[in-house]
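S.K.: Heads up: the sequence shown begins at 18 in the working numbering, then just goes up one per residue. Using N, Cα and C, we set each Cβ at its ideal position, and we do this for glycine too.
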Amino acid sequence: MRRSQIIGFGSYLPQNIVTNDDLAEKIDTSDEWIRKRTGIAQRHIAADGELTSDIATNAARAALKNAGLDADAVDLIVLATATPDNTFPATATRVQSNLGIRRGAAFDVQAVCAGYVYALTMADNMIRLGQAETAIVIGAEVFSRILDWEDRGTCVLFGDGAGACVLQGAETAGTNADTGILSTRIHSDGEYYDMLYVDGGPSTTGTSGYLRMEGKEVFRHAVQRMSEVVTAALDQNDLAVDQLDWLIPHQANKRIMDSIAKKLNLPDEKIVVTVDRQANTSAATIPLALAEASADGRLKPGHLIALSALGGGFAWGSALLRL
Ligand code: UT7
């Protein structure tokens with residue numbers, strides 16, 4: 018069976034770090050409230066003029082270097098982002114141009130915080146079908162540009178950043194002991210559209226708008242959906258939760274991750290956490306966490322890893338992979 022192997026990881030975080038105390042100087046909040054309710058201590062914020070395509074390109078270059086590949090090996094770029102450079106064309110095409118690639122295809126995927134799982138699904142399916150050989154799958158966001166900096170209920174939660182993986186097709190035995198992406202699952206339910214959305218856009222106000230969220234509802238659904246979609250992925254592959262080496266959930270709130278760990282009966286040590294230092298970077302949280310845990314040696318060949326995310330839409334999903 019042809020499967021996508023993950024052969025490189027890369028990431029990029031803007032230099033500017035904003036702490037909770039920095040925010041407390043501008044809005045009515047405190048380090049204590051933010052840490053206690055979310056686990057967040059700081060976030061990276063893109064510099065003026067630093068675009069989603071810039072940070073995505075930096076992460077892609079790092080992933081290619083880590084894979085030991087030149088850009089000309091790449092015939093597919095899938096970029097998960099809710100904060101594109103322009104309404105069109107796809108920001109992925111600018112990344113393609115930045116990397117000097119003139120062949121294959123490059124497109125964006127919009128599933129907000131679930132975007133990386135969606136993008137991985139698209140790239141994996143294209144590789145399995147033989148429509149692509151080597152893909153870069155990127156999550157990149159500058160959420161700082163769509164935050165209402167006067168809304169303390171949302172602006173303290175997000176940050177900017179980019180992460181990327183390189184995928185390459187390879188023949189495998191077709192069992193659950195294979196390396197590579199074993200399965201992906203994506204879901205959405207538009208009944209919840211108004212729970213987490215941006216109040217602008219080309220066909221509504223004509224402006225970019227600002228993020229609006231019913232935090233408690235999103236929290237509740239995130240715990241439920243992100244847990245059940247991991248269980249479904251394990252069941253699909255005849256694997257059990259105690260065979261998982263790592264869960265890399267979307268990083269929105271440490272309390273959401275703790276609740277998922279409890280629901281799945283998974284020890285806290287098996288969850289990769291970056292939200293404390295990076296806050297919620299939407300589609301970038303999962304590839305940023307993968308890159309960090311790979312670079313520091315936590316992820317090892319043969320490890321079984323589950324990814325899980327939920328975001329606006331609601332859109333959610335999971336991926337199960339073995340390194
Ligand atoms: O990526 C997917 C999208 N996002 C998420 O998954 C986020 C999901 N939701 C959450 O993480 C949590 O719901 C929040 C962190 C957003 C909020 O936590 P909460 O425990 O649900 O707090 P709350 O919204 O019920 O607010 C509790 C209190 C309120 O004050 P009163 O009405 O009790 O007097 C808020 O006004 O905390 C107040 N509050 C704040 N206080 C200080 C809200 N934001 C802040 C703040 N600093 N930044």
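From the DSSP output, which residues share a beta bridge with PHE105?
M.R.: In DSSP, PHE105 forms no bridge with anything.
S.K.: For VAL173, which residues from the same chain have a beta carbon less than 6 Å from its beta carbon, with the 5 sequence-adjacent residues on both sides left out?
M.R.: LEU40, THR46, ILE51
S.K.: Look at the alpha carbon of GLU150 and the alpha carbon of SER70, and state the distance between them as a whole number of angstroms.
M.R.: 23 Å
S.K.: Return the chain-ordered list of same chain residues with a C-beta closer than 7 Å to the C-beta of PHE124, the five sequence neighbours on each side being excluded.
M.R.: VAL95, ALA107, ALA109
S.K.: Which value, in whole angstroms, describes the spacing of the CA atoms of THR291 and ILE273?
M.R.: 13 Å
S.K.: Does the Cβ-Cβ distance between LEU30 and GLY178 come in under 8 Å?
M.R.: yes
S.K.: Determine the burial state of TRP333: buried for a count of at least 16 other Cβ atoms within 10 Å of its Cβ, exposed for fewer.
M.R.: Around the Cβ of TRP333, a 10 Å sphere holds 16 or more other Cβ atoms; the residue is buried.
S.K.: Output the boundary residues of the alpha helix (DSSP H) element that contains THR55.
M.R.: 48-55
S.K.: Excluding sequence positions up to five away, which residues of its chain have a Cβ less than 8 Å from the Cβ of LEU281?
M.R.: SER244, VAL247, THR248, VAL258, LEU264
S.K.: Considering only their Cβ atoms, is the gap separating THR138 from MET18 smaller than 8 Å?
M.R.: no
S.K.: According to the neighbour-count rule (16 or more other Cβ atoms, all chains shown, within 10 Å of its Cβ), is ILE44 buried or exposed?
M.R.: exposed
S.K.: For LYS221, count neighbouring C-beta atoms within 10 Å of its own C-beta (all shown protein chains included) and say buried if the count is 16 or more, exposed if not.
M.R.: Checking the sequence shown, residue 221 turns out to be Thr, not Lys. In summary, THR221 is exposed, with fewer than 16 beta-carbon neighbours lying within 10 Å of its beta-carbon over all protein chains present.
S.K.: What does DSSP give as the partner residues of TRP333 in its beta bridges?
M.R.: HIS204, LEU327
S.K.: Could you please give the first and the last residue of the uninterrupted alpha helix (DSSP H) stretch that includes LEU184?
M.R.: Counting along the chain, LEU184 falls outside any alpha helix (DSSP H), though it belongs to the beta strand (DSSP E) covering 177-188.
S.K.: Would you say LYS233 touches the ligand UT7, meaning its beta carbon is less than 7 Å from a heavy atom?
M.R.: Indeed, a heavy atom of the ligand UT7 lies less than 7 Å from the Cβ.
S.K.: Going by the C-beta, is LEU305 closer than 7 Å to any heavy atom of the ligand UT7?
M.R.: no
S.K.: Report the rounded CA-to-CA distance for TYR227 versus LEU164, giving the unit in angstroms.
M.R.: 5 Å
S.K.: With DSSP run on the structure shown, which of helix, strand or coil describes PRO266?
M.R.: strand
S.K.: Do you know offhand how far ARG242's Cα is from PHE331's?
M.R.: For ARG242 and PHE331, the distance between alpha carbons rounds to 10 Å.
S.K.: Can you name, in chain order, every residue of its own chain whose Cβ lies under 7 Å from the Cβ of GLY10, other than the five neighbours on each side?
M.R.: Beyond the ends of the chain as shown, which are 18 and 340, falls residue 10; an answer cannot be given.
S.K.: Have a look at LEU327 and GLY117 and give me their C-alpha separation to the nearest angstrom.
M.R.: 33 Å
S.K.: In whole angstroms, what separates the C-alpha of GLY207 from that of ALA76?
M.R.: So the alpha carbons of these two residues sit roughly 31 Å apart.
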